[in-house]
Ligand code: 2AM
Ligand code: CA
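Numbering (the numbering used here), first residue to last: 14 to 284.
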C-alpha cells in the first residue's frame with residue numbers, strides 16, 4: 014500500500030475538491046456545445062475559479078509557500094524557497110469541447126527542485142502522484158515506465174503546434190521521422206496527462222515544445238520517479254524551464270533524441 018506524506022495529502026485533497034466542480038462544469042459544457050456562443054466564457058470562468066480555489070486550499074494548508082499558476086502568475090511567499098506550481102485545467106481545449114482528457118496538475122518546488130507532484134484526471138478518477146525519491150503511483154499502484162525498447166512497438170505521444178505557424182516547419186520533419194519509425198503517434202491535448210501516461214507505461218514516449226512550467230512540473234517528476242528519462246528535445250537538462258520536453262524509457266528516449274536531432278539537421282544544399 015502506498016503511503017502518502019502530509020504534503021502529498023494536501024495536494025491530492027485540493028485536486029479532488031476542485032475536481033468535483035469540474036465534473037459538474039463538464040456536464041454543463043456538453044449542453045453548451047450546441048449553443049451558438051459555445052462554452053468559451055464559461056470555460057474561462059471555470060479556469061480562473063479553479064485557480065483561485067486551489068490557491069486558497071493550498072495556502073490554508075501551507076500559508077508561507079509561494080505560487081506559480083497558469084491563471085494567477087507568480088506570487089512570492091514568505092517561505093522564499095518553496096512554491097506551488099499549478100495548472101488548474103491542463104487540456105482546456107479538450108474540456109471546452111466536451112472531451113474528457115483534462116487534468117488538474119499541482120507540483121511542489123523546493124529550492125528549485127520539484128519534490129512532489131499530482132496529476133488528477135477528474136473524469137476517469139485517476140490520481141497520478143509522485144514524491145522525489147519515493148516513486149510514482151496511480152492511486153495505490155506503483156508505476157514503472159514501459160519496458161519496450163523497440164521504437165517499432167512503441168506508441169508515442171506528442172503535442173502538435175497550434176496557432177503558431179512559425180513552429181510548423183520545424184515540427185513536421187520531427188513528426189515524420191517519428192511516425193515513420195513507431196507503432197503509432199497519439200495527441201491527447203494535455204501535456205500533464207501525456208507525461209502521466211508515460212509514467213504509467215501507457216505511452217512509450219512523448220515530445221512537445223512551447224509548453225509552460227505548470228503544464229509539465231508534476232508530470233516530469235512522475236516520469237523520473239517511474240524510472241523514465243526526461244530532457245529537452247535537444248537533450249538539454251532543463252525541460253521545465255524551457256517548456257521543451259522529451260520523455261520515455263532510456264532506450265526510447267535515446268532513439269527519439271537521435272531521430273529529432275536528425276530531423277532538425279539542415280538538409281544538403283541543392284541546386
Ligand atoms: P492548457 O490546456 O492548460 O492550455 C497541449 O498541446 C498542451 O499545451 C496542453 O498541456 C496545453 O495546456 C498546452 N498549451 C496550449 N496552449 C499553450 C500555449 N499558448 N502556451 C503554452 N502551453 C500551451
Ligand atoms: Ca496547461
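Glycine residues also receive a C-beta, built at the ideal position from the N, C-alpha and C atoms. Keep in mind that this is a model prediction, so the values were computed, not measured.
- According to DSSP, residue 122 shares a beta bridge with 96 and 127.
- For residue 26, the uninterrupted alpha helix (DSSP H) run begins and ends at 19-45, by DSSP.
- For the set 146, 176, 109 and 89, the Cα lying nearest the Cα of residue 43 is the one of 109.
- By the neighbour-count criterion, in which a residue is buried when 16 or more other Cβ atoms sit within 10 angstroms of its Cβ, residue 107 is buried.
- For residue 83, the distance from the CB to the nearest heavy atom of ligand 2 is below 7 Å.
- Excluding sequence positions up to five before and after residue 213, its CB lies within less than 6 Å of the CB of 151 and 156, all in the same chain and listed in chain order.
- The DSSP-derived three-state label of residue 177 is coil.
- Exclusion of the five residues before and after residue 258 leaves 221, 229 and 252 as the residues of its chain whose Cβ lies within less than 6 Å of its Cβ.
- Not one heavy atom of ligand 1 lies closer than 7 Å to the C-beta of residue 134.
- The stretch 187-202 and the stretch 258-276 touch, with three or more beta-carbon pairs separated by less than 8 Å.
- Taking each of 170, 197 and 182 in turn and checking the Cα distance to residue 260, the smallest one comes out for 170.
- Using a Cβ-Cβ distance cut-off of 8 Å, the stretch 72-83 and the stretch 203-210 are not in contact, since fewer than three pairs of beta carbons, one from each stretch, lie closer than that value.
- Contact between residue 118 and residue 231 holds: their C-beta atoms lie close to 5 Å from each other, under 8 Å.
- DSSP links residue 60 through a beta bridge to no other residue.
- Scanning 165, 19 and 124 for the CA closest to the CA of residue 93 turns up 124.
- In this structure, residue 166 sits away from residue 120, with a CB-CB distance that is not shorter than 8 Å.
- Relative to ligand 2, the beta carbon of residue 97 is positioned no closer than 7 Å to any heavy atom.
- Boundaries of the beta strand (DSSP E) harbouring residue 88: 86-88, taken from the DSSP string.
- In this structure, residue 141 lies near residue 131, with their beta-carbon atoms less than 8 Å apart.
- Straight-line spacing of the CA atoms in residue 133 and residue 210 works out to 12 Å.
- In summary, residue 59 is buried, with 16 or more beta-carbon neighbours lying within 10 Å of its beta-carbon over all protein chains present.
- Inclusion of residue 221 in the 7 Å shell around ligand 1 follows from its C-beta lying nearer than that to a non-hydrogen atom of the ligand.
- Selection around ligand 2 by beta-carbon proximity, strictly under 5 Å to any non-hydrogen atom, yields 100, 103 and 228 in chain order.
- Secondary structure note for residue 250: it is in no beta strand (DSSP E), with a DSSP letter that is neither H nor E.
- In this structure, the straight-line span from the alpha carbon of residue 161 to that of residue 269 is close to 13 Å.
- By the Cβ neighbour-count rule, residue 19 is exposed, with fewer than 16 other Cβ atoms within 10 Å of its own.
- Around the Cβ of residue 103, a 10 Å sphere holds 16 or more other Cβ atoms; the residue is buried.
- Between residue 239 and residue 168, the C-beta spacing is not below 8 Å.
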